[in-house]
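Enquirer: Dropping a structure here in structure tokens format, bear with me for questions.
There are 2 protein chains.
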Amino acid sequence: MYSNIHMPKGFKCAGVSAGIKLGGAKDMALILSDFPATAAGVFTQNQVCAAPVKVCRAHLEHGVARAIVMNSGIANACTGSEGMVAVRDMAAETAKIIGCEPQEIFVCSTGRIGPQLPLDKIVPGIGTLFESALIEHVQETAEAMMTTDTRPKVSVAQLQIEGRAVKIVGFAKGAGMIEPNMATMLSYITTDAAVERHAFQNALKKAVDASFNRISIDGDQSTNDTVLALANGASGVKTLDESSDDWDAFSRALEKVCFELAMMIVHDGEGADKFVTVNVAGAVSDADADQAARSVANSMLNKTAWAGTTPNWGRIMDAVGYSLARVEEEKVGVFYDDAQVVAGGVRTDIAVEELIKVVSQTDFAINIDLHLGDGAATVYTCNCTEEYVRINY
Amino acid sequence: MYSNIHMPKGFKCAGVSAGIKLGGAKDMALILSDFPATAAGVFTQNQVCAAPVKVCRAHLEHGVARAIVMNSGIANACTGSEGMVAVRDMAAETAKIIGCEPQEIFVCSTGRIGPQLPLDKIVPGIGTLFESALIEHVQETAEAMMTTDTRPKVSVAQLQIEGRAVKIVGFAKGAGMIEPNMATMLSYITTDAAVERHAFQNALKKAVDASFNRISIDGDQSTNDTVLALANGASGVKTLDESSDDWDAFSRALEKVCFELAMMIVHDGEGADKFVTVNVAGAVSDADADQAARSVANSMLNKTAWAGTTPNWGRIMDAVGYSLARVEEEKVGVFYDDAQVVAGGVRTDIAVEELIKVVSQTDFAINIDLHLGDGAATVYTCNCTEEYVRINY
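Chains as they are written, first to last, in numbering that gives the first Met the number 0: chain V, 0 to 392; chain H, 0 to 392.
So, in structure tokens, the structure goes:
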């Protein structure tokens, strides 16, 4: 699927089975930069966060990275001091092989909350990643990140800066479970551009806000959510910052990669078979629009109605009404794609068949106009089927 | 089921089929007081609220009630000015038969959002309620309130005040759907006590906060949620207020009735077959404890794990962590009933079989201690099964 996609210059990657998951599925991945790379990162806001998240946050202070090493199958969350030791061991082992400082290694985990990592499998796994698996194409690495994702997720952007080719390659895994586990969103972005550290962090934060932070599968925020970005400068371009002529082109490319990966995550939402874009316009503020859009996107009654191919606009009105956004019922307009079902807070005379036609699609939009101001926001979500419940039993 | 339960003195009630629902199910109910009753009410906080809620709020200003008239099948929500006219017609028709002012009539609806009420069925239905159906026992009335409730819900309290028998009878309907519809919580409390108006409103608000406001089925707040209480004084006792010797006994009885009805609603949650009590203690404040408890109770990942009989304590830690409550991971304790699975933020060595034994029950508690202060709160919820999704397609 992604076997013909190669990493940016100066990056290698690997994905192997270290025996953490049952059945021999790939469960460890490595992203390695030949040169010290500028690092940026965005992490879960959850007050209960995994040991690797705590260590990544600390290592990000250092600002330079050589590698990301990760495992799937076990989240290393709620594992106390033993879990912290395991992360430091993973970083130290990787750093020893590379010959760099441990704080230049970012460690991630995803999978079951609670168990301790099996270091007797992970330490040899790190060796295998380096010794026999380092490659320049991305398929195996993306596969090793998966939990109940049904497919690997990779996005690529290429641009010209100062006449040189610059590449961005991003990986992600989505909200998925393995056994009775926690969903985790992980994403790694690599680029051979050189980017000034603070500009890179700001650009990543902005790209994440417009992508991963705009999607919702089930409203649960993981202990492990992590987005890391590494820029190693191997393309040979001058260091980019916000004053560079090419800054807009670079940050747009970064945003595109994040956005594509985020959309892949929603499309692969657990048990989901419909992709729904919720647009809210006319709010008092963008923040209000965001509240209203999230309320509609997270409502179980909306998600199940979409699963049932039912144009239940009443549930949309209800969710808008109980959101924290300011709403005046008699001004609200609601559309399924372009088909307007609510005007001035009451139903239009559009035929229900027109609405059913829209919600029968695998990809449609709910467009809401509050008619109160200029605030707007979009949230991307999916339907909730019986399969979601079965997956999460 | 409730055929041997009689109304408090001076109340009659009725439940009939007026042809709003298909198939001849009962769909209109009446609660009538022979005397002007003191009224109290608590309504949905949704900014999009049904026409009858708007009219009930206005009539509550008047403070005196003779009757509650309600229909199930259509919610009369998002129905604009035509919906308001329909509510006023229902109140006027009922008032005309009784010979009272329209503002002494409370009107409620529950069912599908959007359609206009069929007044050609409802006006004759009001006549039928009075002419042929008025009775003193409660079964038919409770049945007529139902949508996809699987059983009617009635609670009774009796107490002695000044040597006289005082009775409280409460009705409720729960979160249920009919066709693709909005869940609505309705409850009516009747008593033959005489109660001073403001004290009654305060007592009802307090009872609702400790009962209906502590339950969660799916986190969606309806456009129609309404609790109304009528006290007609027919028991002959002196008017109660907060300074009365018997005030505590009365308000406790009122709380008991509200609490029992709220528990019945959770037990009859859509598709649910497990009742789960989420207790949070040791929070910085009661409000923090409430945030943490709601976060756990509303998490789809917890609700589906309970459905799968899986003691997935990681999802509990996760939901506590992303709640708005202050949490220090390394202090958190989690118990399934009395079985402690987390101490100091990490798993204890309790056998998983002990935990499975707890979550295999149809009624169990999740007890969480944040070990930060004295704040405590409880939320009552249920599991989420595939059946929930099917019901709401």
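The beta-carbon is built from N, C-alpha and C at its ideal position, and this holds for glycine as well.
Quick caveat, the model's predicted, so the values are computed rather than measured.
Counting only the same chain and skipping the five closest in sequence on each side, list residues whose C-beta sits under 6 Å from that of Glu386(H).
Expert: Excluding sequence positions up to five before and after Glu386(H), its CB lies within less than 6 Å of the CB of Gly270, all in the same chain and listed in chain order.
Enquirer: According to DSSP, is Leu118(V) part of a helix, a strand, or is it coil?
Expert: Secondary structure at Leu118(V): helix, using DSSP grouped into helix, strand and coil.
Enquirer: Would you verify that the beta carbon of Ala76(H) is, or is not, closer than 8 Å to some beta carbon of chain V?
Expert: yes
Enquirer: With a threshold of 7 Å (Cβ to nearest heavy atom), would Pro310(V) be considered close to the ligand NAD?
Expert: Among the ligands in the structure shown, none appear at all, so the ligand NAD cannot be discussed.
Enquirer: Helix, strand or coil, according to DSSP, for Gln157(V) in the structure here?
Expert: strand
Enquirer: Report the option in Ala304(H), Val295(H), Ser210(H) and Gln159(H) whose CA atom is closest to the CA atom of Ile264(H).
Expert: Ser210(H)
Enquirer: Which residues in chain H have a C-beta closer than 9 Å to the C-beta of Asn55(V)? List them in chain order.
Expert: A small fix is needed here, since residue 55(V) is Cys in this sequence, not Asn. Near Cys55(V) there are no residues of chain H at all, since even the closest Cβ is about 16 Å away, more than 9 Å.
Enquirer: Quick check: is the beta carbon of Trp246(H) nearer than 8 Å to any beta carbon in chain V?
Expert: no
Enquirer: Looking only at its own chain, which residues have a Cβ that is under 7 Å from the Cβ of Val345(H), when we skip the five neighbours before and after it?
Expert: none
Enquirer: Could you tell me which residues DSSP pairs with Arg111(H) in its beta bridges?
Expert: Ile73(H)
Enquirer: Tell me which residue opens and which closes the beta strand (DSSP E) that Cys12(H) is part of.
Expert: Phe10 to Val15
Enquirer: In or out: Arg65(H) buried (at least 16 other Cβ within 10 Å) or exposed?
Expert: buried
Enquirer: Measuring CB to CB, does Trp305(H) end up less than 8 Å from Lys273(H)?
Expert: yes
Enquirer: Considering only residues of the region 236-292 of chain H, which uninterrupted beta strand (DSSP E) runs meet the minimum length of 3 residues and lie entirely inside it, listed in chain order?
Expert: 274-282
Enquirer: When the Cα atoms are used, what is the spatial distance from Gly118(H) to Gln102(H)?
Expert: Residue identity differs from the one stated: residue 118(H) is Leu in this sequence, not Gly. Those two C-alpha atoms are separated by around 19 Å.
Enquirer: Please state whether DSSP places Cys381(H) in a helix, a strand or coil.
Expert: strand
Enquirer: Please report how far the alpha carbon of Ala171(H) lies from the alpha carbon of Ser359(V), in whole angstroms.
Expert: 36 Å
Enquirer: What first and last residue would you give for the alpha helix (DSSP H) that runs through Ala198(V)?
Expert: Judged by DSSP secondary structure, Ala198(V) falls within the alpha helix (DSSP H) whose first and last residues are Arg196 to Asp208.
Enquirer: Are the CB atoms of Gly14(H) and Thr140(H) within a distance shorter than 8 Å?
Expert: yes
Enquirer: Pick from His266(H), Val341(H), Ala206(H) and Ala338(H): whose alpha carbon is nearest that of Asp247(H)?
Expert: Asp247(H) has its Cα closest to that of Ala206(H), out of His266(H), Val341(H), Ala206(H) and Ala338(H).
Enquirer: Restricting to Cα atoms, I'd like to know which of Cys383(V), Ser243(V) and Met316(V) is closest to Ile367(V).
Expert: Met316(V)
Enquirer: Roughly how many whole angstroms lie between the Cα atoms of Ile121(V) and Ala49(V)?
Expert: 17 Å
Enquirer: In chain order, what residues of the region 26-55 of chain H put their CB closer than 9 Å to some CB of chain V?
Expert: Cβ contacts with chain V: Thr43, Gln44, Asn45, Gln46, Val47 and Cys48.
Enquirer: Measure from the alpha carbon of Val194(V) to the alpha carbon of each residue in Met27(V), Leu29(V) and Ala39(V), then state which is nearest.
Expert: Ala39(V)
Enquirer: So, for Phe334(V): in the same chain, excluding its five sequence neighbours on each side, which residues have a beta-carbon less than 6 Å away from its beta-carbon?
Expert: Asn366
Enquirer: Would you call Met176(V) buried or exposed, if buried means 16 or more other Cβ atoms sit within 10 Å of its Cβ?
Expert: No answer about Met176(V) holds up, because its pLDDT of 41 lies below 50 and its placement is not dependable.
Enquirer: Apart from the five residues on each side of it in sequence, which residues of its chain come closer than 7 Å, Cβ to Cβ, to Val283(V)?
Expert: Within the same chain, Val283(V) has close Cβ partners Arg325, Leu371, Gly372 and Gly374.
Enquirer: Which word fits Gly320(H), buried or exposed, when buried means at least 16 other C-beta atoms lie within 10 angstroms of its C-beta?
Expert: buried
Enquirer: Which residues in the same chain as Ile96(V) place their Cβ atom closer than 8 Å to its Cβ, once the five residues preceding and following it in sequence are excluded?
Expert: Ile125, Gly126 and Phe129
Enquirer: Give the straight-line distance between the Cα atoms of Ser322(V) and Ala164(V), rounded to the nearest whole angstrom.
Expert: Put simply, the backbone Cα of Ser322(V) is about 46 Å away from that of Ala164(V).
Enquirer: So what does Gly396(H) bridge to, in DSSP terms?
Expert: Residue 396(H) cannot be examined here, being either before or after the span of chain H that is shown, 0 to 392.
Enquirer: If you check the beta carbons only, do Ser131(H) and Asn223(H) fall under 8 Å apart?
Expert: no
Enquirer: Do you know offhand how far Ser2(V)'s Cα is from His136(V)'s?
Expert: 6 Å
Enquirer: Taking only beta-carbon positions, decide if Ala304(H) is within less than 8 Å of chain V.
Expert: At a cut-off of 8 Å between beta-carbon atoms, Ala304(H) makes contact with chain V.
Enquirer: At a CB distance below 9 Å, what residues from the region 313-335 of chain V approach chain H? Give them in sequence order.
Expert: If the cut-off is 9 Å between Cβ atoms, the region 313-335 of chain V has Gly313, Arg314, Met316, Asp317, Ala318, Val319, Gly320, Tyr321, Ser322, Ala324, Arg325, Val326, Glu327, Glu328, Glu329 and Val331 near chain H.
Enquirer: My understanding is that Ser71(V) touches Met144(V), with C-beta atoms under 8 Å, so please give their C-beta distance in whole angstroms.
Expert: 6 Å
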